[in-house]
Amino acid sequence: MSDYLVIVESPAKAKTIERYLGKKYTVKASMGHVRDLPKSKMGIDFENDYQPNYITIRGKGPVLKELKTAAKKAKKIYLAADPDREGEAIAWHLAHNLNVDPNSECRVVFNEITKEAVKDSFKSPRSINMDLVDAQQGRRILDRLVGYNISPLLWKKVKKGLSAGRVQSVAVKMIIDRENEIKKFKPEEYWSIIGNFLSNDEPFEGYFYRLNGKKYDLPNQEAVDQILKRIPEKQFTVTNVTKKERKRNPAVPFTTSSLQQEAARKLNFRARKTMMIAQQLYEGIDLGRKEGGITGLITYMRTDSTRISETARVEGRDFITEQYGSEYLGIKQKTKNQQQAQDAHEAVRPTSAFREPSKVKDKLSRDQYRLYKLIWDRFIASLMAPAIMDTMTVQLEQNDVQFRATGSKIKFKGFMKIYIEGNDDNVKEEHKLLPALEEGMVVDVDKIVPNQHFTQPPPRYTEARLVKTMEENGIGRPSTYAPTLDTIQRRGYVTLDNKRFVPTELGEIVINMIIEFFPKIIDIDFTAKMETDLDQIEAGESNWVTVIDHFYQDFEKKLKIAEKEMENVEIKDEPAGEDCEKCGNPMVIKMGRYGKFMACSNFPDCRNTKAILKEIGVTCPKCKQGQVVERKSKKRRIFYGCDQYPECDFISWDKPVARNCPNCTEQLVEKKSKQGVTVQCIACDYKEATQK
Numbered sequence: 001m002s003d004y005l006v007i008v009e010s011p012a013k014a015k016t017i018e019r020y021l022g023k024k025y026t027v028k029a030s031m032g033h034v035r036d037l038p039k040s041k042m043g044i045d046f047e048n049d050y051q052p053n054y055i056t057i058r059g060k061g062p063v064l065k066e067l068k069t070a071a072k073k074a075k076k077i078y079l080a081a082d083p084d085r086e087g088e089a090i091a092w093h094l095a096h097n098l099n100v101d102p103n104s105e106c107r108v109v110f111n112e113i114t115k116e117a118v119k120d121s122f123k124s125p126r127s128i129n130m131d132l133v134d135a136q137q138g139r140r141i142l143d144r145l146v147g148y149n150i151s152p153l154l155w156k157k158v159k160k161g162l163s164a165g166r167v168q169s170v171a172v173k174m175i176i177d178r179e180n181e182i183k184k185f186k187p188e189e190y191w192s193i194i195g196n197f198l199s200n201d202e203p204f205e206g207y208f209y210r211l212n213g214k215k216y217d218l219p220n221q222e223a224v225d226q227i228l229k230r231i232p233e234k235q236f237t238v239t240n241v242t243k244k245e246r247k248r249n250p251a252v253p254f255t256t257s258s259l260q261q262e263a264a265r266k267l268n269f270r271a272r273k274t275m276m277i278a279q280q281l282y283e284g285i286d287l288g289r290k291e292g293g294i295t296g297l298i299t300y301m302r303t304d305s306t307r308i309s310e311t312a313r314v315e316g317r318d319f320i321t322e323q324y325g326s327e328y329l330g331i332k333q334k335t336k337n338q339q340q341a342q343d344a345h346e347a348v349r350p351t352s353a354f355r356e357p358s359k360v361k362d363k364l365s366r367d368q369y370r371l372y373k374l375i376w377d378r379f380i381a382s383l384m385a386p387a388i389m390d391t392m393t394v395q396l397e398q399n400d401v402q403f404r405a406t407g408s409k410i411k412f413k414g415f416m417k418i419y420i421e422g423n424d425d426n427v428k429e430e431h432k433l434l435p436a437l438e439e440g441m442v443v444d445v446d447k448i449v450p451n452q453h454f455t456q457p458p459p460r461y462t463e464a465r466l467v468k469t470m471e472e473n474g475i476g477r478p479s480t481y482a483p484t485l486d487t488i489q490r491r492g493y494v495t496l497d498n499k500r501f502v503p504t505e506l507g508e509i510v511i512n513m514i515i516e517f518f519p520k521i522i523d524i525d526f527t528a529k530m531e532t533d534l535d536q537i538e539a540g541e542s543n544w545v546t547v548i549d550h551f552y553q554d555f556e557k558k559l560k561i562a563e564k565e566m567e568n569v570e571i572k573d574e575p576a577g578e579d580c581e582k583c584g585n586p587m588v589i590k591m592g593r594y595g596k597f598m599a600c601s602n603f604p605d606c607r608n609t610k611a612i613l614k615e616i617g618v619t620c621p622k623c624k625q626g627q628v629v630e631r632k633s634k635k636r637r638i639f640y641g642c643d644q645y646p647e648c649d650f651i652s653w654d655k656p657v658a659r660n661c662p663n664c665t666e667q668l669v670e671k672k673s674k675q676g677v678t679v680q681c682i683a684c685d686y687k688e689a690t691q692k
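Numbering-wise, full-length UniProt numbering puts 406 at position 406 of the sequence shown, and it's gapless, one number per residue.
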């Protein structure tokens, strides 16, 4: 038997680490937590300072038995769970089950799973950090107090199976608040005027800027007409030319939040998928014997720090110098971490700058490669020189009406040679060069084009926008973003429509009840303060029992009031307007996990259910009789099919259009891309202009 037993969370991680440590070490996996609060009851001793009653998680008995057997034969046990609160708590629970003294040097942590990092960590083991453990316990108990007290109330007053979470409820409220903003929004009219100019037959574009040197709004057609009357001539004079050199700095390396946002923008990944693939890259990929076997490709992916180690910085700079030349080296940026960021961690970065994505592409799945490349590109770009732009701003004037034209070109690409940060609106950056213009020059007017616009409501939250807003407001921490988004969808409180969150009727009912009786639970500032309190527990500045008690004293009072005053809410079934084809009883519309659906009113004697189909106003192109309806796959992806199914099996992932191709008379469909929606033919190359 080996001299040393090392316990980690996952088998993949265990396999990688065992190969690094050698024959004296046996590495086993705990498969995550082995102890937790019981599911069947509160599990908190209110008479004894809120002490948690932990029990062995169901199904973990065989795992624990195997670990105990191995522990008896080992000279020393090392607990090597992940380097965060959750990992520290897992190590503490394991220490309890295996009779390991938590004050002994039993805990090893590493930020990356590489041979050097793992071996170095075993040179300096430490005791279990109880401040980290207490912070995790504090969060777990807070969430249990909220969930296990409010949820039964909702079962009693609204509907069985409902639940309320502390952070999740705030996220749902944010989505509902945004939806209310959109409903209340009243669009306002405004106009713009675009001028198409020519200088020595070179076209360029400008826009109306000012009148008589002052800002002049264009709220309506009349205001536009007043400006157009003042520019009857077909020529403008260049009155000012400003040329500047502008620097643009690279983005800092990824945190958990920025990684999830950028993966959503550039790779179309959901937050949960991003974290799942990042976990695989962290725990190790088999690169083959020549490349070192199973190797962790990125550092730990749950972090709010943008710091990188000096070793990683030096290696990254060496790579840039070797690949691109010293002129592409950037100066050391000051990275501003969030307050209370866990700076013991690093940013999410590749474990080796010299392990280029192209060199490991054949060892990775398509999604693993794309995410690894994103992380690698961002890290290398963060160490590169700023991009330098030559910008030119020109003012053109006629009869005191001023237009402005701007142009830019990249003088030196710098970091933009390999990476440009995305944006939430998927707007592609364009660099347009202006003709050679000098003050006093006269340019011709090709045409003046007035455009009517209307202000737009704030956009619904995408996953990326919601994560960003939660982070900005201090709601949740790196490990909570993806689970929170997943939970609010599974509970049926929100749905995704065109990748944007929409609250359900059920979600609004639950949140309105929580707002009425537990306003603090749903308050953004209060929730952010609770996160700060947990951070202070981790830093050893607060006691977890004090924090819990301060919260519960007020919460308990609100709970007693709610139990007496909260009214029953009956979610009535709406008549569906049709009869059940199985038993003839009326069908009704019910509220389910994924929204509304039709069911037989004779339940439970008849269990017939049907999806509510949304017609799109297109006759089925295959049978010419049925209507094309919107459906959802098992993975909730929208597709289109005939309402006469199974008699007609027409199906399309692209939305059919109610007209045929003018070239070949085949079906036209809408193709969606980041640039917008394009109508095109399914048979020939006919394509219409993309609509944003």
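We put the CB at the ideal spot given by N, CA and C, even for glycine.
Thinking just about the alpha-carbon of each residue, which of ARG404, THR295, LEU396, ALA251 is nearest to the one in ASP377?
Looking up residue 377 in the sequence shown gives position 377. Taking only the C-alpha atoms, the option nearest ASP377 is ALA251.
Among PRO586, MET513, MET301, which one has its Cα closest to the Cα of PHE110?
Numbered from its first residue, the sequence shown carries residue 110 at position 110. Cα-wise, what sits closest to PHE110 is MET301.
May I have the straight-line CA-CA distance separating GLN675 from ALA689, to the nearest angstrom?
Reading the sequence shown from its first residue, position 675 is the one you call residue 675. Reading the sequence shown from its first residue, position 689 is the one you call residue 689. The alpha-carbon atoms of GLN675 and ALA689 are separated by roughly 11 Å.
Three-state secondary structure assigned by DSSP to TYR282
If you number the sequence shown from 1, residue 282 lands on position 282. Here TYR282 sits in helix by DSSP.
Three-state secondary structure (DSSP) at ARG270?
The residue given as residue 270 occupies position 270 in the sequence shown. Reduced to three states, the DSSP call for ARG270 is coil.
In this structure, does DSSP put GLY617 in helix, strand or coil?
Numbered from 1 along the sequence shown, position 617 holds the residue referred to as residue 617. It is a strand residue.
Secondary structure at ALA485, three-state DSSP: helix, strand or coil?
Here residue 485 refers to the residue found at position 485 of the sequence shown. The amino acid occupying residue 485 in the given sequence is Leu; Ala does not appear at that position. LEU485 falls in the helix class under three-state DSSP.
Looking at ASP131 and GLU471, is the spacing between their C-beta atoms short of 9 Å?
The residue labelled residue 471 in the question sits at position 471 within the sequence shown. The residue labelled residue 131 in the question sits at position 131 within the sequence shown. Going by C-beta atoms, GLU471 is not nearer than 9 Å to ASP131.
Segments of 4+ residues assigned as alpha helix (DSSP H) that fall wholly inside the region 460 to 520
463 to 472, 481 to 490, 505 to 517
For ALA171 versus LEU496, is the C-beta distance shorter than 9 Å?
Translated into positions along the sequence shown, residue 171 becomes position 171. Translated into positions along the sequence shown, residue 496 becomes position 496. Not a contact, by the Cβ cut-off of 9 Å.
Under 9 Å, Cβ to Cβ, is there at least one residue of chain C near ALA482?
Of the protein chains in this structure there is only one, and it is not chain C.
Excluding the 5 residues flanking residue 712 on each side, which residues of the same chain have their C-beta closer than 6 Å to its C-beta?
Residue 712 cannot be examined here, being either before or after the span of the chain that is shown, 1 to 692.
Cutoff 7 Å; reference ILE654; Cβ partners in own chain excluding five residues on either side
As a working mapping, residue 654 is identified with position 654 in the sequence shown. According to the sequence shown, residue 654 is Asp rather than Ile. The answer, listed in chain order, is VAL669, GLU670, LYS671.
Check each candidate in ALA464, VAL545, ASN249, THR665 and name the one with the smallest Cα separation from MET389.
Translated into the one-based positions of the sequence shown, residue 389 becomes position 389. That would be ASN249, whose Cα lies nearest to the Cα of MET389.
Figure out for me which residue from ASP685, ILE150, PRO646 has the closest Cα to the Cα of ASN663.
For the purposes of this step, residue 663 is taken as the residue at position 663 of the sequence shown. Ranking the options by Cα distance to ASN663, first place goes to ASP685.
According to DSSP, is PHE208 helix, strand or coil?
If you number the sequence shown from 1, residue 208 lands on position 208. It is a strand residue.
Residue ranges of each beta strand (DSSP E) run of no fewer than 3 residues wholly in the UniProt domain "Toprim" (3 to 113), ordered along the chain?
4 to 8, 25 to 29, 76 to 79
Between LEU64 and ILE77, which are expected to be in contact by the criterion C-beta below 8 Å, what is the C-beta distance as a whole number of angstroms?
Walking along the sequence shown from the start, residue 64 turns up at place 64. Walking along the sequence shown from the start, residue 77 turns up at place 77. About 14 Å; that fails the 8 Å criterion.
From the DSSP output, read off the bridge partner residues of TYR640.
Position 640 of the sequence shown, counted from the first residue, corresponds to residue 640. In the DSSP output, where bridge partners are listed per residue, TYR640 has GLU630, SER652.
On a Cα-Cα basis, can you pick out the residue from LYS409, VAL445, GLU430, SER408 that is closest to LEU396?
Here residue 396 refers to the residue found at position 396 when the sequence shown is read from its first residue. The candidate whose alpha carbon is nearest that of LEU396 is VAL445.
When you compare the CB positions of ILE548 and TYR50, do they come within less than 9 Å of one another, or not?
Within the sequence shown, numbered from 1, the residue matching residue 548 stands at position 548. Within the sequence shown, numbered from 1, the residue matching residue 50 stands at position 50. The answer is yes: Cβ separation under 9 Å.
At what residues does the beta strand (DSSP E) containing HIS431 begin and finish?
For the purposes of this step, residue 431 is taken as the residue at position 431 of the sequence shown. Unbroken run through HIS431: none, as it is neither H nor E.
Given a cut-off of 9 Å, decide if ALA353 and ILE380 are closer than it, judged by their beta-carbon atoms.
Start at 1 with the first residue of the sequence shown, and residue 380 comes out as number 380. Start at 1 with the first residue of the sequence shown, and residue 353 comes out as number 353. Yes, the pair counts as a contact, with Cβ atoms nearer than the cut-off.
Three-state secondary structure (DSSP) at GLU116?
Translated into the one-based positions of the sequence shown, residue 116 becomes position 116. DSSP places GLU116 in helix when its eight states are reduced to three.
If the criterion is Cβ atoms closer than 9 Å, does the pair SER415 and GLY330 meet it?
Against the sequence shown, residue 415 aligns to sequence position 415. Against the sequence shown, residue 330 aligns to sequence position 330. As written in the sequence, residue 415 is Phe, which differs from the Ser given in the question. Cβ atoms of PHE415 and GLY330: closer than 9 Å.
Helix, strand or coil for PHE597? Go by DSSP, reduced to three states.
Within the sequence shown, numbered from 1, the residue matching residue 597 stands at position 597. PHE597 falls in the strand class under three-state DSSP.
State the DSSP-derived secondary structure class of THR299, mapped to helix, strand or coil.
For the purposes of this step, residue 299 is identified with residue 299 of the sequence shown, where counting begins at 1. Three-state DSSP puts THR299 in a strand.
Distance check for ASN48 and GLU578, CA to CA, integer angstroms please.
Walking along the sequence shown from the start, residue 578 turns up at place 578. Walking along the sequence shown from the start, residue 48 turns up at place 48. Approximately 58 Å between the Cα atoms of the pair.
List in chain order: all unbroken alpha helix (DSSP H) runs of 4+ residues lying wholly within the region 534 to 571.
544 to 565
Spatial neighbours of PRO457 within its chain, please: CB distance less than 8 Å, with the 5 preceding and 5 following residues excluded, ordered by chain position.
Translated into positions along the sequence shown, residue 457 becomes position 457. So the list reads GLU181, ILE182, PHE185, PRO187, once near-sequence residues are dropped.
Which of helix, strand or coil does DSSP assign to SER673?
Within the sequence shown, the letter at position 673 stands for residue 673. Strand, per DSSP.
Relative to the C-alpha of ILE176, which candidate in GLN625, ALA611, ILE561, VAL510 has its C-alpha closest?
For this step, residue 176 is matched to residue 176 along the sequence shown. ILE176 has its Cα closest to that of VAL510, out of GLN625, ALA611, ILE561, VAL510.
Please tell me whether VAL494 and GLY476 are closer than 9 Å, where the distance is taken between their beta carbons.
One-based indexing of the sequence shown puts residue 494 at position 494. One-based indexing of the sequence shown puts residue 476 at position 476. It is not a contact, given that the beta carbons lie outside the stated cut-off.
Do you know whose CA, among ASN220, GLY138, ALA223, ASN240, lies nearest TYR552's CA?
Within the sequence shown, residue 552 is the residue found at index 552, counting from 1. Checked all of ASN220, GLY138, ALA223, ASN240; the closest Cα to TYR552 is GLY138.
Status (buried if at least 16 other CB within 10 Å, exposed otherwise) for GLN342:
In the sequence shown, residue 342 corresponds to position 342, counting from 1. Unreliable placement is indicated for GLN342, whose pLDDT of 44 sits below 50; no coordinate value is reported for it.
By DSSP, does THR532 sit in helix, in strand, or in coil?
Residue 532 sits at position 532 when you count from the first residue of the sequence shown. Note: THR532 maps to helix in three-state DSSP.
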